[in-house]
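Asker: Residue numbers (our numbering): 100 to 279. Yeah, the Cβ is synthetic: ideal placement off N, Cα and C, and Gly gets one too. Just so it is clear, the structure is predicted and the values come from calculations on it, not from any experiment. Handing you a structure now.
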């Protein structure tokens, strides 16, 4: 799945990571997403416009309030699919193995955090990434997005960009049947 040029999945991971460090990283990530075109670019531009003028402290507070204090908006894929059920533990082990297999280093977040899972999609082959995105990532993104849908939270645009990119790259158009 990986190719030449900037990786929009890695750019989304930057925007969905804690906004500490270089402010230029956010700007660069938005630029990468702008090059992706379509809904991905539009959503990234809206996010950029809405956070313009926010100081780093404000952005850090917004991130924490959005993703760390509200379980409905958690960025952990398995949480949205399994909650506290035993299956989540198995999912975490599976994702950790996939991260190692594809050379993705874990941060302080759980293995199923979107900051790990989105770059994983970019490194998987299409035959592996498509089913993984369909079964796990797309349904979790749907739930994450729903939690911010009716808010003025700028991060709703980042989740919209992630949903659009996953749909564009991995999901079959409605009504199309694949025979394989």
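1) Within the same chain, show all residues whose beta-carbon is closer than 7 Å to that of residue 135, passing over the 5 residues directly before and after it, in chain order.
2) Could you name each continuous beta strand (DSSP E) segment of 3 residues or more that falls completely within the segment 136 to 185, going from the start of the chain to the end?
3) Could you tell me the alpha carbon to alpha carbon distance between residue 200 and residue 155, rounded to whole angstroms?
4) For the segment 181 to 214, list the alpha helix (DSSP H) runs that are entirely contained and at least 4 residues long, ordered along the chain.
5) From residue 113 to residue 183, what distance separates their C-alpha atoms?
6) How close, in whole Å, do the beta carbons of residue 223 and residue 231 come, if the pair is a contact with beta carbons under 8 Å?
7) Under 8 Å: do the segment 205 to 213 and the segment 111 to 131 share three or more Cβ pairs, one atom per stretch?
8) Under 6 Å Cβ to Cβ from residue 126, same chain only, skipping five residues before and after it: list those, please.
9) First and last residue of the alpha helix (DSSP H) that includes residue 108?
10) If residue 146 sits next to residue 256, beta carbons under 8 Å apart, how far is it from one beta carbon to the other, in whole angstroms?
11) Grab the span of the alpha helix (DSSP H) containing residue 257 for me, first residue to last.
12) Using the Cα positions of residue 143 and residue 268, report the straight-line distance between them to the nearest angstrom.
13) Counting along the chain, where does the alpha helix (DSSP H) carrying residue 226 start and finish?
Answerer: Taking the structure as given:
1) Locating residue 135 in the chain shown gives position 36, counting from the first residue. Same-chain partners within the cutoff: 107 and 264.
2) none
3) Translated into the one-based positions of the chain shown, residue 200 becomes position 101. Translated into the one-based positions of the chain shown, residue 155 becomes position 56. The straight-line gap from Cα to Cα measures roughly 35 Å.
4) 185 to 200
5) In the chain shown, counting from the first residue as 1, residue 113 sits at position 14. In the chain shown, counting from the first residue as 1, residue 183 sits at position 84. Going from the Cα of residue 113 to the Cα of residue 183 covers about 27 Å.
6) Within the chain shown, the letter at position 124 stands for residue 223. Within the chain shown, the letter at position 132 stands for residue 231. Confirmed, about 7 Å.
7) yes
8) Numbered from 1 along the chain shown, position 27 holds the residue referred to as residue 126. Correct list: empty, nothing qualifies.
9) Your numbering for residue 108 matches position 9 in the chain shown. First-last of the alpha helix (DSSP H) with residue 108: 107 to 114.
10) Walking along the chain shown from the start, residue 146 turns up at place 47. Walking along the chain shown from the start, residue 256 turns up at place 157. Indeed they touch by this definition, with Cβ atoms about 4 Å apart.
11) What you label residue 257 is simply residue 158 of the chain shown in a count that begins at 1. First-last of the alpha helix (DSSP H) with residue 257: 254 to 269.
12) Numbered from 1 along the chain shown, position 44 holds the residue referred to as residue 143. Numbered from 1 along the chain shown, position 169 holds the residue referred to as residue 268. Their backbone Cα atoms lie some 17 Å apart in a straight line.
13) By 1-based counting over the chain shown, the position of residue 226 is 127. Its alpha helix (DSSP H) spans residues 225 to 231.
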